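The block underneath contains the structure these notes are about, expressed in C-alpha cells.
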Amino acid sequence: MTMPPTPIRLVADIGGTNARFALLDQAGMPTQIHVLTCIDYPDIGAAIYAYMTMVGEQPTAAVIAIATPVTGDRIAMTNHHWSFSVQALKDELGFTSLVFINDFAALALSLPALTSKDLVQIGGGYAVPNEPIGVIGPGTGLGVASLVKSGSFWQALAGEGGHVTLAAANDVEAEIIAALRHRIGHVSAECILSGPGLVLLRETIGLLRNEVVEPITPKEIAQRTLAGSDALCHEAVTVFCAMLGTVAGNLALTLGARGGIYLGGGILPQLGTFFAQSPFRTRFEEKGRFASYLAAIPCYVIHAETPALIGASRYFECCEGV
144 MTMPPTPIRL VADIGGTNAR FALLDQAGMP TQIHVLTCID YPDIGAAIYA
194 YMTMVGEQPT AAVIAIATPV TGDRIAMTNH HWSFSVQALK DELGFTSLVF
244 INDFAALALS LPALTSKDLV QIGGGYAVPN EPIGVIGPGT GLGVASLVKS
294 GSFWQALAGE GGHVTLAAAN DVEAEIIAAL RHRIGHVSAE CILSGPGLVL
344 LRETIGLLRN EVVEPITPKE IAQRTLAGSD ALCHEAVTVF CAMLGTVAGN
394 LALTLGARGG IYLGGGILPQ LGTFFAQSPF RTRFEEKGRF ASYLAAIPCY
444 VIHAETPALI GASRYFECCE GV
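For the sequence shown, the positions run 144 to 465 when the numbering used here is used.
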C-alpha cells in the first residue's frame, strides 16, 4: 500500500523589516531557513513565492506570524505597507490551509521549547511553574504578548501593549515625553521603545540639550554606546533601558507574571552586557509597595535566532486542521 506523501508545511515570521521563512521537517522543526528583506518585495505574496522558488518546494499549509493585529480576513501591517486578504492570498498560493497569528503570540508559544542556552537571565529569582508569563520586545515596533497555562496546554494571548501611553518615572523622562507630545501627539511605549524610537529618543535628548544631532541608525547607536565613544548615544540607550524596565514591570503586575518576563526583539541582544548593567532591572522593580513582588520575578533576554518560527511550528501541533 502506497503511503500518501508527507505534506509540506511552511512557517514564517513577518516583521516590519525582515521576513523569515522555513519548512518543517518530519519532527516539526524549522529547516531551510531564509531571511528576506520586506522592502525588496511589493507584497507578501511575492515574498512567499520568492522563498518557495529558493527551496524548490510547494507547501500545502502554512502558519505565518506577523507583526500586526490579526482580527479577520483583512490584514494591514502596522510598520510596513503590506496589506492583503488572507483568503485571496491562500487562493493565490494554492495552499489548502493558511493561518496568520500575531508575531509575539508566536514568540510566546516558542518559550516552552527554549533552553537555558537560548536565554540570559536579568535579575529576579526562579520562575514559578505554570504561572502566567509576559513577553515584550523592542524591534521595528514594540511587541507584547502573554502565555498562560490552560489545562495541560500553554495558550498565547496576543495584544497591542506596545501602544499603551508611555509614562515618565522622573523629571528627565517627563521632559522627553512632553517634547515628543508637542511634536507627534500621543506618545506610546513604541514611540520610544523600538528601533525607530531609539533614534527619535536620541534626537529628542540632543535637541533638549541644544546639541546638533547627526542622523544615525539604531545599530550605530548601540555600537557607539558599547564603544563608549558617544555620550549622547550612551544617555539615549540608558534612558531606553530604564523606560523599558518601567513598561516591563507594568506588564508583570498586570499579568501577575510570576512565570517570568521574556524580552525579545532584535535590539537587546546587540547591547550585550550593557543591558544587564543598565537601569532596566532597578526600574522594573520600582513599584512602591510591590517592589518585593517584582524582585522575585525573573526576566530573560531571548538569544535564540528564530524563536517565532518555533512558535509557529508549535501552532501546527496544537491546532487540528492546520
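Where is the CB? At the ideal position from N, CA and C, for every residue including glycine.
Only a predicted model underlies this, so the values are computations on that prediction, with no experimental measurement involved.
Item, Value
"L351: which of V271, A248 and A321 sits nearest, CA to CA?", "A321"
"Could you check whether I157 and M197 sit closer than 9 Å to each other, using their CB atoms as the reference points?", "no"
"Between W297 and G277, what straight-line distance do the alpha-carbon atoms span, to the nearest angstrom?", "13 Å"
"Mind reading off the beta-carbon distance from S337 to P281? Whole number of angstroms is fine, and I expect it under 8 Å.", "5 Å"
"Contact between the region 301-310 and the region 264-272: three or more CB pairs below 8 Å?", "no"
"Run the CB neighbour count on Y269, radius 10 Å, all protein chains shown included, and call it buried at 16 or more, exposed below.", "exposed"
"Excluding sequence positions up to five away, which residues of its chain have a Cβ less than 8 Å from the Cβ of L344?", "I319, I335, A379, V382 and F383"
"Assuming C442 and F427 are in contact, meaning their beta carbons sit under 8 Å apart, how far apart are those beta carbons, in whole angstroms?", "7 Å"
"Should N245 be labelled buried (16 or more other beta-carbon atoms within 10 Å of its own) or exposed?", "buried"
"Helix, strand or coil, according to DSSP, for T180 in the structure here?", "strand"
"Which of the three DSSP states is assigned to R457 in this structure?", "helix"
"Please classify L166: does DSSP put it in a helix, a strand, or coil?", "strand"
"Taking DSSP as the reference, what is the three-state secondary structure of E463?", "Note that E463 scores a pLDDT of 46, beneath 50, so its modelled location is shaky and nothing firm can be said."
"Less than 9 Å separating the beta-carbons of T368 and H377?", "yes"
"For F433, count neighbouring Cβ atoms within 10 angstroms of its own Cβ and tell me buried if that reaches 16, exposed if not.", "exposed"
"Residue range of the alpha helix (DSSP H) that Q230 falls in?", "V229 to L236"
"Please report the straight-line C-alpha distance between E354 and G408, rounded to a whole angstrom.", "30 Å"
"Any idea which residues DSSP pairs P281 with across the strands?", "L285"
"With a 10 Å radius around its C-beta and 16 neighbouring C-beta atoms as the bar for buried, classify R324 as buried or exposed.", "exposed"
"For A204 versus I151, is the C-beta distance shorter than 9 Å?", "yes"
"Apart from the five residues on each side of it in sequence, which residues of its chain come closer than 6 Å, Cβ to Cβ, to A455?", "V154, V206, A208 and A249"
"Work out the CA separation of Q201 and F423 for me, nearest whole Å.", "45 Å"
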